[in-house]
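Written below as structure tokens is the structure these notes are about.
Protein chains: 2
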Amino acid sequence: MRASDVKILVVDDEESIVRFLELGLRNEGFQVWTAPDGLTAVSLAREVQPHVVILDVMMPGPDGFEVVQMLRKLGSFAIIMLTAKDEVEDRVKGLNLGADDYVVKPFSFQELLARIHARLRNQFPQLVDEWVVGPFTIHEQRREITYQGQPLSLSATEYELLRYLLINHGIVLSKQKILDAVWGYDFGGQDNIVEVYIRSLREKLGDTDRQLIRTIRGAGYRVDLP
Amino acid sequence: MRASDVKILVVDDEESIVRFLELGLRNEGFQVWTAPDGLTAVSLAREVQPHVVILDVMMPGPDGFEVVQMLRKLGSFAIIMLTAKDEVEDRVKGLNLGADDYVVKPFSFQELLARIHARLRNQFPQLVDEWVVGPFTIHEQRREITYQGQPLSLSATEYELLRYLLINHGIVLSKQKILDAVWGYDFGGQDNIVEVYIRSLREKLGDTDRQLIRTIRGAGYRVDLP
DNA sequence: TGAGAAGCTGAAAGTTTGCTGAAAATGCGC
DNA sequence: GCGCATTTTCAGCAAACTTTCAGCTTCTCA
Numbered sequence: 029m030r031a032s033d034v035k036i037l038v039v040d041d042e043e044s045i046v047r048f049l050e051l052g053l054r055n056e057g058f059q060v061w062t063a064p065d066g067l068t069a070v071s072l073a074r075e076v077q078p079h080v081v082i083l084d085v086m087m088p089g090p091d092g093f094e095v096v097q098m099l100r101k102l103g104s105f106a107i108i109m110l111t112a113k114d115e116v117e118d119r120v121k122g123l124n125l126g127a128d129d130y131v132v133k134p135f136s137f138q139e140l141l142a143r144i145h146a147r148l149r150n151q152f153p154q155l156v157d158e159w160v161v162g163p164f165t166i167h168e169q170r171r172e173i174t175y176q177g178q179p180l181s182l183s184a185t186e187y188e189l190l191r192y193l194l195i196n197h198g199i200v201l202s203k204q205k206i207l208d209a210v211w212g213y214d215f216g217g218q219d220n221i222v223e224v225y226i227r228s229l230r231e232k233l234g235d236t237d238r239q240l241i242r243t244i245r246g247a248g249y250r251v252d253l254p
Numbered sequence: 029m030r031a032s033d034v035k036i037l038v039v040d041d042e043e044s045i046v047r048f049l050e051l052g053l054r055n056e057g058f059q060v061w062t063a064p065d066g067l068t069a070v071s072l073a074r075e076v077q078p079h080v081v082i083l084d085v086m087m088p089g090p091d092g093f094e095v096v097q098m099l100r101k102l103g104s105f106a107i108i109m110l111t112a113k114d115e116v117e118d119r120v121k122g123l124n125l126g127a128d129d130y131v132v133k134p135f136s137f138q139e140l141l142a143r144i145h146a147r148l149r150n151q152f153p154q155l156v157d158e159w160v161v162g163p164f165t166i167h168e169q170r171r172e173i174t175y176q177g178q179p180l181s182l183s184a185t186e187y188e189l190l191r192y193l194l195i196n197h198g199i200v201l202s203k204q205k206i207l208d209a210v211w212g213y214d215f216g217g218q219d220n221i222v223e224v225y226i227r228s229l230r231e232k233l234g235d236t237d238r239q240l241i242r243t244i245r246g247a248g249y250r251v252d253l254p
């Protein structure tokens with residue numbers, strides 16, 4: 029994900045919350061707009077066409093529900109509502125009117141971030157082309173993986189293998205499973221080829237003590253992120 | 029638990045509730061299907077074989093009770109009913125017909141989640157990949173067992189054996205039974221090999237006084253958790 | 001109390017697994 | 001066709017693991 033390409037509009041009448049979100053989201057690299065009420069929000073949304081709108085339900089003037097309806101007519105934003113705890117009906121109502129997701133107050137910032145990412149993945153897949161996995165970043169489009177900020181120089185097979193291992197980090201993967209996933213299901217050769225490629229990945233990662241790509245004897249390999 | 033491996037079918041004629049549950053469960057990582065009525069639910073259940081069916085009692089067409097009966101014939105789903113408050117008879121009737129649990133409306137999402145997890149643990153233990161057993165935790169996916177927070181370094185056979193003992197803790201297991209379970213029932217060797225492996229587990233667990241893995245002379249072994 | 005059964009132990013033998021260096025095969029651009 | 005990078009195969013090796021076994025200890029019950 030190129031966070032800097034993503035535009036987010038935060039709508040809430042409580043200034044403290046707005047500032048909190050604005051700062052946090054800026055830190056994540058998003059472009060952020062804010063509005064203190066529904067009407068401002070709608071006109072701002074028309075203008076900047078944000079990808080995501082974060083919307084408090086409880087607001088003076090047109091409330092969150094009304095704003096959702098107005099926004100729906102303006103474009104396809106991912107709308108995430110902020111609702112009070114115990115207001116199940118609010119959430120249901122909001123979803124009915126066209127919101128895409130909700131977060132219950134009080135929420136952790138990480139939780140909100142997760143929802144934002146989920147929505148973006150869903151509605152704007154073209155924006156998502158970067159996968160951060162611990163100290164690794166997978167750039168699908170460029171077919172490149174960086175480790176601790178440095179791009180690795182990988183062959184095609186090495187890229188596929190490392191990508192598969194990273195996506196399944198923390199899980200033991202048998203050589204057969206790896207073969208099926210990376211070499212394809214009809215690969216005729218021996219699974220020693222997995223060992224050979226694991227070796228070259230370990231070399232390129234400087235993983236001499238095999239802490240990163242662990243061998244689970246008799247079972248397979250497992251990536252343990254630091 | 030790998031939530032992404034768990035399939036849940038939500039059946040309710042109120043669209044708002046369906047969407048609320050669908051989103052919430054999706055956010056938890058489950059695969060979710062929905063149906064607006066009993067007949068659709070039954071045919072969908074036949075097709076996707078969900079692990080859990082969440083079923084409103086009050087529905088047009090065949091009501092929840094009838095659907096429970098139909099589902100029971102199709103497979104072993106965990107069925108959780110949604111019932112109205114104060115309808116004690118409904119709950120009893122539902123449970124009698126084969127539902128596994130019920131949640132009273134209005135319910136909190138957390139409450140429903142807890143029920144779902146409980147049911148999964150019960151009926152689909154293979155999906156639950158983290159077992160906490162006293163001071164041990166078995167991580168199936170990682171193929172790792174931790175003891176008092178520290179991962180144990182186990183060979184393949186040791187892992188299988190300890191896993192089997194822990195899952196059956198509190199129960200006396202004969203050497204023959206252990207052989208069948210861990211080595212396979214066609215193992216030709218002597219059961220002394222069980223003794224040998226029990227020894228190495230005791231060593232790795234620091235169980236010098238044999239309080240953890242007890243020898244029940246003439247009967248077998250039994251793990252007693254502190 | 002002592003004989004026999006059951007279980008424990010140290011060590012050795014046997015087996016499997018994964019790692020390695022190197023060579024052979026393949027594919028690609030020029 | 002040639003040179004180069006990559007992919008695949010292979011055989012030898014070392015380490016880890018599994019299995020066996022004989023002698024020893026502990027327990028049980030007559």
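Protein chains in written order, with the working numbering: chain A, 29 to 254; chain B, 29 to 254.
From the three backbone atoms N, C-alpha and C, an ideal C-beta is built for every residue, glycine too.
- The shortest C-alpha to C-alpha distance from H79 (chain B) to any of B:R100, B:V85, B:E168, B:V222 is the one to B:R100.
- Secondary structure within the segment 90-174 of chain A: the beta strand (DSSP E) runs of 3 or more consecutive residues, fully enclosed, are 106-112, 129-133, 158-161, 164-167 (chain order).
- Distance from the CA of L194 (chain B) to the CA of T243 (chain A), rounded to the nearest whole angstrom, comes to 24 angstroms.
- Across the segment 160-184 of chain B, CB contacts with chain A closer than 8 angstroms involve Q169, R170, R171, S183, A184, in sequence order along the chain.
- As DSSP reads the structure, P179 (chain B) sits in a beta bridge with B:T174.
- Beta-bridge pairing by DSSP links I82 (chain A) to A:V38, A:I108.
- Around the CB of L53 (chain B), 16 or more other CB atoms lie within 10 Å, so the residue is classed as buried.
- Taking 9 angstroms as the cut-off, the beta carbon of L67 (chain A) is found closer than this to the beta carbon of G89 (chain A).
- For R143 (chain B), the nearest beta carbon of chain A is not closer than 9 angstroms to its own beta carbon.
- For G248 (chain B), the enclosing beta strand (DSSP E) has its first and last residue at 248-251.
- R242 (chain A) is bridged by DSSP to A:R250.
- Counting along the chain, no alpha helix (DSSP H) covers Q59 (chain A); the unbroken beta strand (DSSP E) around it starts and ends at 59-63.
- Contact of F48 (chain B) with chain A is assigned, a C-beta pair being separated by under 9 angstroms.
- Straight-line measurement puts the Cα of R238 (chain B) at about 29 angstroms from the Cα of A247 (chain A).
- Under the 10 Å beta carbon count, F215 (chain A) is surrounded by fewer than 16 other beta carbons and is classified as exposed.
- Between the segment 202-211 of chain B and the segment 219-238 of chain B there are three or more inter-stretch CB-CB distances shorter than 8 angstroms, so the stretches are counted as touching.
- Approximately 6 angstroms separates the beta-carbon atoms of V76 (chain B) and K35 (chain B); this is inside 8 angstroms, confirming the contact.
- In summary, no residue of the segment 203-230 of chain B has a CB separated from any CB of chain A by less than 9 angstroms.
- At a Cβ-Cβ threshold of 9 angstroms, H197 (chain B) and V132 (chain B) do not count as neighbours.
- Spanning the alpha carbons of V96 (chain A) and D65 (chain A) requires a straight line of approximately 12 angstroms.
- For E56 (chain B), not one C-beta of chain A is nearer than 9 angstroms to its own C-beta.
- For T236 (chain A), no alpha helix (DSSP H) segment is defined, and its DSSP state is neither H nor E.
- At a cut-off of 9 angstroms, the C-beta of L123 (chain A) has a neighbouring C-beta in chain B.
- Around the beta-carbon of E139 (chain A), fewer than 16 other beta-carbon atoms lie within 10 Å, marking it exposed.
- Within 7 angstroms of the CB of L51 (chain B), the CB atoms of chain A belong to L123, D129, in sequence order along the chain.
- Within the same chain, and ignoring the five residues on either side of K121 (chain A) in sequence, the residues whose Cβ sits closer than 8 angstroms to its Cβ are F93.
- Boundaries of the alpha helix (DSSP H) harbouring Y192 (chain A): 184-195, taken from the DSSP string.
- Under the 9 angstroms criterion on CB atoms, E158 (chain B) is classed as non-interfacial with respect to chain A.
- One alpha carbon belongs to G57 (chain B), the other to L37 (chain B), and they sit about 14 angstroms apart.
- DSSP lists B:Y249 as the bridge partner or partners of L201 (chain B).
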